[in-house]
Each structure stands twice: as C-alpha cells, then as structure tokens.
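Undergrad: Those letters in the sequence shown? Residues 2 to 290, per the numbering used here, in order.
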Amino acid sequence: MKQGHRISWSEASSAFTCPKKAEYSYDAGLRPVVAAPALEYGTAIHEALAHMLIEDSWSDDCLAEAKHAFTAIFREAREKGMEASGRYSLEDLEKMGLIHLEQFHAWAKGLQVRTLGVELYLTRRIEKGLVYSGQIDWVYSYRQWGRRIVVIVDHKTPARAYSDAFIANDGQLTGYQFLMEGDEAKERIPELEGATLMVGYNQFIKRKPGSTRANAKGPEHVPPSPVSRSVEQMEEFITFVKAANQLRRMPGFRFAGHGFAAHCDMCDFRELCITGEMPDTLVAKQKAA
Ligand code: SF4
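#1: With DSSP run on the structure shown, which of helix, strand or coil describes residue 182?
#2: So residue 122 and residue 157 are supposed to be a Cβ contact under 8 Å. How far apart are they, rounded?
#3: Please list the terminal residues of the continuous alpha helix (DSSP H) segment that includes residue 61.
#4: Kindly indicate which three-state DSSP category residue 322 falls into: helix, strand or coil?
#5: Helix, strand or coil: how does DSSP classify residue 9 here?
#6: Answer yes or no: do residue 196 and residue 144 have a C-beta to C-beta separation smaller than 7 Å?
#7: Tell me whether residue 157 sits in a helix, a strand or coil according to DSSP, three-state version.
#8: Sorry if obvious, but does the Cβ on residue 358 come closer than 6 Å to a heavy atom of ligand 1?
#9: Using 8 Å as the cut-off, can you tell me whether the region 4-13 makes contact with the region 132-144, which would need three or more C-beta pairs spanning the two stretches below that distance?
#10: If we call anything under 7 Å between Cβ atoms a contact, is residue 49 one with residue 73?
#11: So, are the CB atoms of residue 200 and residue 163 less than 7 Å apart?
#12: Take residue 13 as the anchor and find which of 242, 59 and 138 has the nearest alpha-carbon.
#13: Among the candidates 15, 192, 20 and 80, whose CA atom is the shortest distance from the CA of residue 115?
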C-alpha cells in the first residue's frame with residue numbers, strides 16, 4: 002500500500018526556515034558527524050529518563066540504574082573524542098546530569114505519577130497523502146480534584162528556563178496533543194478515555210554545579226506546569242503543517258538562493274550550500290527503506 006508523506010514538527014518548521022535544509026536532513030539523511038556536548042548531554046538525559054520512566058517504580062534502585070545509564074552514555078561520547086565547548090566542562094556536564102536525575106526522581110516519587118508512555122511514536126492522518134508523526138518523550142497521568150489528567154511531556158535541557166508564553170504556544174507540543182487526540186493514541190492508551198489532556202515541558206536547566214556566584218543555584222529541575230491547547234491552536238497547527246508540506250515540495254524552493262542569509266550562519270549545511278561540496282563534518286545516515 003502506498004504510504005502518504007509523513008511530516009513531523011521538526012521537519013515542518015525546518016521547511017519554513019529553509020526548504021533546502023529540510024531536503025538535506027530529511028531526504029538525504031545528512032547529519033553532523035562531530036559530537037556536540039550539549040547534544041550528547043541531552044541524549045544521555047533522555048536515555049536515562051526513559052530507563053527510569055519505563056520502570057515506573059520510583060525506587061532507589063531505579064534511580065541508581067538511570068544514573069548508571071547516563072554516565073555510561075556520556076562517557077562513551079567522551080571516549081569517541083567529544084571535546085568541551087561552550088561554558089561547561091565535560092566534568093560539569095556529567096555532575097549536572099546526575100544532580101538532575103536525583104531532582105527529577107524526588108519530584109516524581111513525591112507526586113506518585115503514573116507513566117502511560119515513554120518515547121511514544123504516534124501518527125495521525127491530516128489529509129490524503131499527508132500523515133503527521135511525532136515521538137513523545139513521556140506521557141503520565143495523575144488525579145486532581147477528582148479529574149484524571151494526562152500530561153504530554155517534552156524533556157528539555159536548556160541553559161535557562163523557557164517562558165510560560167513560549168511553552169503555551171509551542172507548535173511541537175500542539176502537534177503532540179493533536180497526535181494524542183487521534184484514533185491511534187486512543188487505541189493504544191485506554192486511560193485517555195474521559196481524561197483531560199495537557200501539555201508541558203519537563204526542564205532540566207543547566208547551571209554550573211558548585212558555582213560560588215551569588216545568583217547561581219546550580220542545576221535545577223523545573224517540572225511541567227501543563228496547559229491545554231485550544232481548538233484555534235489546533236486549527237492553526239494543521240494549517241501550518243499543510244503549508245510547510247506544500248512549500249517543501251515546490252521545485253523552486255529546492256535550490257537555496259540565500260546561502261548568506263542570517264539563518265545560514267549557524268547552519269550545519271552552510272559549506273555544502275556555498276561550495277556544493279560535502280564537508281567532512283557531515284555524514285549521510287542510512288535511510289529506512
Ligand atoms: S546554509 Fe542556509 S540555505 Fe543552506 S541549508 Fe542551511 S539555512 Fe538553508
């Protein structure tokens with residue numbers, strides 16, 4: 002059976018920033034080959050959390066295993082030659098990760114949250130030939146004032162807290178709620194029946210551990226303070242995804258005519274755009290058949 006085009010939030014937003022970038026990333030499967038500490042840190046935190054959340058027990062053993070998983074992933078990246086960049090040393094990042102896991106564990110244990118899904122991959126058809134897809138970091142439930150709340154969570158590892166306004170309007174979270182309201186989610190998660198759906202960020206704010214600066218509190222876990230998406234937000238989201246899909250498929254946009262525009266400065270594909278040659282910092286990942 003012929004499958005429709007699958008589009009995720011990162012692909013849709015990348016198509017709007019630069020259709021050429023979406024083509025490199027999603028059609029050619031190109032990725033940066035140099036390990037960036039911030040990225041590896043985020044990956045190690047996500048993996049360690051998944052480890053803890055799948056168990057759903059909040060025992061001390063579970064915390065110890067998650068910490069072990071974090072250290073193993075982060076050290077493996079170091080052994081492959083990852084070097085410090087930015088404001089934190091690799092030792093700082095390793096300490097921060099372990100502190101974050103302890104803080105998160107204490108919060109989740111206190112609330113006795115119940116995990117309904119971890120790294121949950123869902124799809125939902127938008128129209129013929131266009132399927133939206135996403136992988137949700139974590140879905141949990143708890144009871145409040147007699148209601149069952151189901152919270153859709155994205156883990157973040159920022160250098161400072163996101164504003165409430167940003168979280169309230171983030172398209173990626175809107176996409177996650179859209180997926181959780183679809184038939185596939187309802188079939189896979191019976192607890193959704195009659196529950197109130199909310200979305201939020203689970204933030205692991207990076208700050209240097211042991212800093213003596215008066216305003217430095219060290220690493221901080223900010224638990225989700227979830228909000229629900231309105232009907233208008235859902236409609237805007239669907240319009241955006243449809244438009245991004247059309248834009249990306251227009252032949253004229255496949256050639257970058259703006260290789261020196263502001264958004265190109267930090268782009269991993271800049272050299273390829275400018276010289277037309279594949280730099281050794283990029284690698285093509287094997288694409289799924
Ligand atoms: S360098 Fe600029 S034009 Fe090229 S892919 Fe990146 S953002 Fe697009």
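Beta carbons are placed, not taken as given, at the ideal position from N, Cα and C, and that holds for glycine.
TA: So, from the data block:
#1: coil
#2: Wrong, their Cβ atoms sit about 19 Å apart, outside the cutoff.
#3: 61-80
#4: The structure shown does not extend to residue 322, since the chain is modelled only from 2 through 290, so no value can be given for it.
#5: coil
#6: no
#7: strand
#8: Because the chain is modelled from 2 through 290, residue 358 falls outside the range shown and cannot be assessed.
#9: yes
#10: no
#11: no
#12: 242
#13: 192
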